[in-house]
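Chains as they are written, first to last, in numbering that gives the first Met the number 0: chain L, 0 to 248; chain C, 0 to 248; chain S, 0 to 248.
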Amino acid sequence: MTIRVSQDGTILRLTLDRAEKKNALTNDMYGALTAQLDRAEQDDSIRVILIDAEGDVFCAGNDLNDFAAIASGQLRRDQIKSFEFLHALARATCPLVTAVQGPAVGIGVTLLLHSDIAVVADDAKLSVPFIDLGLVPEAASSVLMPMRIGHARAFEMFALGKTILGADAFSIGLANACTPRHEVLGRAYEYARKLAARPPGAVRATKRLMRNAVALEAVIDQEITVFAERLTSPETAQALQAFTQRQKR
Amino acid sequence: MTIRVSQDGTILRLTLDRAEKKNALTNDMYGALTAQLDRAEQDDSIRVILIDAEGDVFCAGNDLNDFAAIASGQLRRDQIKSFEFLHALARATCPLVTAVQGPAVGIGVTLLLHSDIAVVADDAKLSVPFIDLGLVPEAASSVLMPMRIGHARAFEMFALGKTILGADAFSIGLANACTPRHEVLGRAYEYARKLAARPPGAVRATKRLMRNAVALEAVIDQEITVFAERLTSPETAQALQAFTQRQKR
Amino acid sequence: MTIRVSQDGTILRLTLDRAEKKNALTNDMYGALTAQLDRAEQDDSIRVILIDAEGDVFCAGNDLNDFAAIASGQLRRDQIKSFEFLHALARATCPLVTAVQGPAVGIGVTLLLHSDIAVVADDAKLSVPFIDLGLVPEAASSVLMPMRIGHARAFEMFALGKTILGADAFSIGLANACTPRHEVLGRAYEYARKLAARPPGAVRATKRLMRNAVALEAVIDQEITVFAERLTSPETAQALQAFTQRQKR
Numbered sequence: 000m001t002i003r004v005s006q007d008g009t010i011l012r013l014t015l016d017r018a019e020k021k022n023a024l025t026n027d028m029y030g031a032l033t034a035q036l037d038r039a040e041q042d043d044s045i046r047v048i049l050i051d052a053e054g055d056v057f058c059a060g061n062d063l064n065d066f067a068a069i070a071s072g073q074l075r076r077d078q079i080k081s082f083e084f085l086h087a088l089a090r091a092t093c094p095l096v097t098a099v100q101g102p103a104v105g106i107g108v109t110l111l112l113h114s115d116i117a118v119v120a121d122d123a124k125l126s127v128p129f130i131d132l133g134l135v136p137e138a139a140s141s142v143l144m145p146m147r148i149g150h151a152r153a154f155e156m157f158a159l160g161k162t163i164l165g166a167d168a169f170s171i172g173l174a175n176a177c178t179p180r181h182e183v184l185g186r187a188y189e190y191a192r193k194l195a196a197r198p199p200g201a202v203r204a205t206k207r208l209m210r211n212a213v214a215l216e217a218v219i220d221q222e223i224t225v226f227a228e229r230l231t232s233p234e235t236a237q238a239l240q241a242f243t244q245r246q247k248r
Numbered sequence: 000m001t002i003r004v005s006q007d008g009t010i011l012r013l014t015l016d017r018a019e020k021k022n023a024l025t026n027d028m029y030g031a032l033t034a035q036l037d038r039a040e041q042d043d044s045i046r047v048i049l050i051d052a053e054g055d056v057f058c059a060g061n062d063l064n065d066f067a068a069i070a071s072g073q074l075r076r077d078q079i080k081s082f083e084f085l086h087a088l089a090r091a092t093c094p095l096v097t098a099v100q101g102p103a104v105g106i107g108v109t110l111l112l113h114s115d116i117a118v119v120a121d122d123a124k125l126s127v128p129f130i131d132l133g134l135v136p137e138a139a140s141s142v143l144m145p146m147r148i149g150h151a152r153a154f155e156m157f158a159l160g161k162t163i164l165g166a167d168a169f170s171i172g173l174a175n176a177c178t179p180r181h182e183v184l185g186r187a188y189e190y191a192r193k194l195a196a197r198p199p200g201a202v203r204a205t206k207r208l209m210r211n212a213v214a215l216e217a218v219i220d221q222e223i224t225v226f227a228e229r230l231t232s233p234e235t236a237q238a239l240q241a242f243t244q245r246q247k248r
Numbered sequence: 000m001t002i003r004v005s006q007d008g009t010i011l012r013l014t015l016d017r018a019e020k021k022n023a024l025t026n027d028m029y030g031a032l033t034a035q036l037d038r039a040e041q042d043d044s045i046r047v048i049l050i051d052a053e054g055d056v057f058c059a060g061n062d063l064n065d066f067a068a069i070a071s072g073q074l075r076r077d078q079i080k081s082f083e084f085l086h087a088l089a090r091a092t093c094p095l096v097t098a099v100q101g102p103a104v105g106i107g108v109t110l111l112l113h114s115d116i117a118v119v120a121d122d123a124k125l126s127v128p129f130i131d132l133g134l135v136p137e138a139a140s141s142v143l144m145p146m147r148i149g150h151a152r153a154f155e156m157f158a159l160g161k162t163i164l165g166a167d168a169f170s171i172g173l174a175n176a177c178t179p180r181h182e183v184l185g186r187a188y189e190y191a192r193k194l195a196a197r198p199p200g201a202v203r204a205t206k207r208l209m210r211n212a213v214a215l216e217a218v219i220d221q222e223i224t225v226f227a228e229r230l231t232s233p234e235t236a237q238a239l240q241a242f243t244q245r246q247k248r
């Protein structure tokens with residue numbers, strides 16, 4: 000499955016556990032994450048979700064084999080689980096703490112825009128180079144990223160694939176804290192425990208007011224439409240073919 | 000009444016004058032503030048409103064006795080004057096300059112989101128710990144605060160009650176200036192005088208364009224609905240009971 | 000015409016070429032800029048638009064003679080070309096890189112809010128003193144500027160005419176880079192070339208998703224209505240008269 004699930008009191012910990020593939024997210028991993036997010040919405044014994052990752056890399060983004068499978072029609076639209084995951088993120092009222100101990104790419108970064116608390120390693124490299132695959136922003140990041148860091152900076156990340164360091168992510172408000180790599184998880188747990196100690200009804204009501212889930216889901220759907228078009232574009236076909244050939248060698 | 004009203008040329012000064020209770024706002028004080036905001040909308044001789052406070056504390060937030068009175072039903076919905084005040088703030092076209100010379104809590108901070116110019120003491124402690132009472136953000140701050148400082152920082156202030164210093168409020172754009180405490184009022188007056196010297200019609204038209212009053216009032220109403228539910232929740236009852244017992248000792 | 004048009008590979012360069020008048024934009028210049036923006040939307044051989052300026056000043060804003068001509072009725076509403084330019088900016092999907100080598104005023108600054116990449120000279124002075132003419136923000140800046148730098152800072156720029164330096168514009172996210180004056184154009188070209196090398200379909204799709212053109216055009220129309228009212232106000236008449244008399248001397 001490669002998502003490791005554990006519960007520590009009222010904290011639900013979801014660990015990306017596919018370090019040998021840099022924690023690139025597969026269709027199955029999205030499915031597992033969605034199931035856990037949905038469970039946290041139903042289960043009052045869960046007060047906080049903490050997402051972290053095994054190994055040196057936080058998340059290399061979407062598994063490119065899955066993009067290729069979608070592009071080639073091997074994976075049909077109704078089988079794609081990442082879309083459901085994005086909607087679950089947008090709807091979630093359970094607070095989400097994310098611990099980014101190393102490099103994050105694509106969904107590994109846009110996930111931060113749905114995290115209520117984010118701790119990043121000060122030397123972690125963050126990038127959203129959808130453009131290199133001929134693709135566009137997802138997870139409502141086309142709206143949330145400019146809202147968070149301004150259009151100019153967001154455009155440079157999306158259209159030029161600019162990488163930023165964790166320390167800079169912190170200073171422009173993408174993260175609540177940046178720490179040395181080995182302290183990231185501890186710091187994230189500290190935040191999670193504090194959150195878990197607050198009146199849970201008020202925490203969820205606060206999050207619900209702070210995020211317009213309906214609007215976010217509409218943006219996500221709009222992005223998905225364009226994303227799906229792009230996946231079958233010559234620009235993307237060429238990029239994915241180059242990737243597949245590198246894999247075969 | 001505990002709101003001191005004075006006019007200096009075209010500047011209407013409203014001073015929170017309840018220093019012995021840390022300028023906590025009572026139902027009557029909200030009523031008085033609303034009346035002055037409404038007056039400024041009608042009266043062309045008023046070009047700027049300046050809000051400041053007596054004593055060492057800017058504003059300790061809503062008077063908790065009033066929250067308890069609302070929760071217990073002693074204060075009926077149609078008697079609550081804070082709601083009208085929030086709507087008056089959202090609708091105001093007269094520019095508002097706020098001078099925060101000391102600690103600010105709750106409405107004392109969310110007021111800054113409706114101020115056009117805010118001067119804060121560099122050592123002033125600002126916090127919005129609605130969560131500690133089992134409550135949620137108000138004054139459209141559930142939307143305005145994330146818009147101003149980003150979701151991650153805003154969530155930490157709302158859901159974890161994080162305190163920030165005036166100097167940090169300035170650096171993240173919550174204030175136009177931070178100064179030593181004793182210079183706050185002088186600096187705020189300087190801003191007010193400059194504003195008063197500008198073409199008043201253009202100033203109000205600019206403010207009107209920059210703020211979507213209709214949208215803000217809708218957010219305020221949505222927050223009030225949740226706030227009212229929370230006020231009668233067990234979480235809040237417990238917090239208010241603890242407060243009332245401390246008062247009696 | 001005073002807009003110099005040149006094409007360098009897939010980069011369309013538009014140079015404000017009226018240095019003797021500090022590149023103040025005339026009705027004709029707006030018309031020429033709009034025509035080029037429209038052309039870039041149709042012509043796939045254009046991948047990036049780069050706007051720069053001749054001389055020491057980037058742009059002194061709208062030519063005041065044209066404001067006076069509009070106010071006096073010499074220029075009829077249907078002859079005003081700046082409005083069309085603003086709409087073309089809002090609709091543009093071709094990425095826009097702007098090189099601000101010197102002082103920028105009014106539209107010279109609000110243009111940055113529609114630029115995807117902006118490079119500014121670190122000592123360039125930026126201001127939007129519409130208020131001094133009794134006027135209000137344009138180019139959707141009444142919404143885009145607070146969204147980018149927060150209401151408090153934006154209000155100070157609009158209602159008090161505050162000037163900021165290029166270096167500060169960079170640090171608050173109004174620009175992607177600030178450099179010494181003589182390196183601005185080179186740096187902007189570097190950005191433009193990198194953008195031109197990316198999959199063009201994905202670049203335009205990304206920009207389209209990141210900007211809500213429909214919403215921006217609605218804001219622009221709302222501002223234009225107020226702007227037109229203000230142009231015939233006594234406050235503006237007085238300011239324009241003072242300007243015209245200075246011209247005659």
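For each residue, glycine too, the CB sits at the ideal point set by N, CA and C.
### Query
By how many angstroms is the C-alpha of Pro145 of chain L removed from the C-alpha of Ala153 of chain L?
5 Å
#### Entry: Local conformation of Lys268 of chain C per DSSP, three classes
No answer is possible for residue 268 of chain C: it lies beyond the span of chain C, which begins at 0 and ends at 248.
### Message
By the DSSP assignment, the beta strand (DSSP E) with Arg12 of chain C in it spans what residues?
### Response
10–15 is the span of the beta strand (DSSP E), which, as asked, contains Arg12 of chain C.
### Task
Please classify His86 of chain S: is it buried, with 16 or more other beta-carbons within 10 angstroms of its beta-carbon, or exposed?
Buried: at least 16 other Cβ atoms inside 10 Å.
### Message
List, in chain order, every chain L residue whose beta-carbon is nearer than 8 Å to that of Val202 of chain C.
### Response
Neighbours of Val202 of chain C on chain L: none; closest Cβ ~26 Å, over 8 Å.
### Query
Mind checking if Pro199 of chain C is an interface residue toward chain L, Cβ cutoff 8 Å exclusive?
So, not an interface residue.
### Whole-Å CB distance - Val56 of chain C paired with Pro102 of chain C, under 8 Å assumed
The Cβ separation is near 5 Å, so the contact holds.
### Message
Closest to Ile10 of chain L by C-alpha separation, out of L:Val213, L:Arg207, L:Arg38, would be which residue?
### Response
L:Arg38
#### Entry: For Ala241 of chain S, the three-state DSSP class (helix, strand or coil)
Helix at Ala241 of chain S.
### Message
Pull the bridge partners of Asp7 of chain S from the DSSP assignment, please.
### Response
Asp7 of chain S is bridged to S:Ile10.
### Message
What does DSSP give as the partner residue(s) for Asn211 of chain C in the beta ladder?
### Response
According to DSSP, Asn211 of chain C bridges with nothing at all.
### Message
Please list, in chain order, the chain S residues whose beta carbon lies closer than 9 Å to that of Glu222 of chain L.
### Response
Leu208
### Query
Taking Cβ positions, are Ala117 of chain S and Val99 of chain S nearer each other than 8 Å?
yes
### Message
Let's test the definition: count the other Cβ atoms within 10 Å of the Cβ of His150 of chain S and tell me whether it reaches 16, buried, or not, exposed.
### Response
buried
### Task
List the DSSP bridge partners of Thr178 of chain C.
Within the DSSP secondary-structure output, Thr178 of chain C pairs in a beta bridge with C:Ala120.
### Message
According to DSSP, simplified to helix, strand and coil, what is Asn22 of chain C?
### Response
coil
### Query
Comparing the C-beta of His26 of chain S with each C-beta of chain L, is any distance below 8 Å?
Position check: residue 26 of chain S holds Asn in this sequence, whereas His was assumed. No - not a single Cβ of chain L is within 8 Å of the one on Asn26 of chain S.
### Contiguous alpha helix (DSSP H) assignments of at least 4 residues, all confined to the stretch 89–151 of chain L
106–109, 140–148
### Where Asp51 of chain S falls: helix, strand or coil (DSSP)
strand
### Query
Are Gly165 of chain C and Asp115 of chain C closer than 8 Å when you measure CB to CB?
Not closer than 8 Å, so no.
### Task
Give a yes or no on whether the minimum CB-CB distance between Ile148 of chain L and chain S is below 8 Å.
Interface criterion met: the Cβ of Ile148 of chain L is under 8 Å from a Cβ in chain S.
### Task
Name the two residues that bound the continuous alpha helix (DSSP H) containing Arg192 of chain S.
The continuous alpha helix (DSSP H) containing Arg192 of chain S extends over residues 183–195.
### Query
Going along chain L, which residues have a C-beta under 7 Å from Leu230 of chain C?
None at all; the shortest Cβ gap to chain L is about 11 Å.
### Query
Name the residues in the stretch 76–110 of chain C whose C-beta lies less than 8 Å from a C-beta of chain S; which are they?
Pro94
### Query
Can you list, in chain order, the residues of the stretch 17–44 of chain C whose Cβ is nearer than 7 Å to any Cβ on chain L?
none
### Per-residue DSSP class, three states only, for Ile2 of chain C
Here Ile2 of chain C carries a strand assignment [DSSP, helix/strand/coil].
### Exposure label - Gly172 of chain L; buried when at least 16 CB within 10 Å
buried
### Query
Looking only at DSSP bridge pairs, what is Asn61 of chain C linked to?
C:Leu24
### Message
For Met209 of chain C and Leu132 of chain C, what's the separation of their Cα atoms in angstroms?
### Response
33 Å
### Query
Listing by chain order, which chain S residues have their CB less than 8 Å from the CB of Val127 of chain L?
By Cβ distance, chain S contributes nothing, its closest Cβ being about 10 Å from Val127 of chain L, past 8 Å.
### Query
Counting Cβ pairs closer than 8 Å, one from the stretch 17–33 of chain S and one from the stretch 54–72 of chain S, do we hit at least three?
yes
### Query
Taking a cut of 7 Å between CB atoms, which residues from the stretch 156–190 of chain C lie near chain L?
Legend: CB atoms of the stretch 156–190 of chain C lying less than 7 Å from CB atoms of chain L belong to residues Phe157, Ala158, Leu159.
### Task
Please classify Leu85 of chain S: does DSSP put it in a helix, a strand, or coil?
Looking at Leu85 of chain S - three-state DSSP - the assignment turns out to be helix.
### Cβ separation of Pro128 of chain L and Thr205 of chain S, assumed to be a contact under 8 Å, to the nearest whole Å
A Cβ-Cβ separation of about 11 Å leaves Pro128 of chain L out of contact with Thr205 of chain S under the 8 Å criterion.
### Message
Applying the 10 Å Cβ sphere with the 16-neighbour rule, what's the burial state of Leu156 of chain S?
### Response
The sequence as given places Met at residue 156 of chain S; Leu does not occur at that position. Looking at its Cβ environment, which holds 16 or more other Cβ atoms inside 10 Å, Met156 of chain S is buried.
#### Entry: Nonlocal neighbours in the same chain, by C-beta distance under 8 Å from Asn61 of chain C, ignoring five residues either side
Ala23, Leu24, Ser81, Gly105, Ile106
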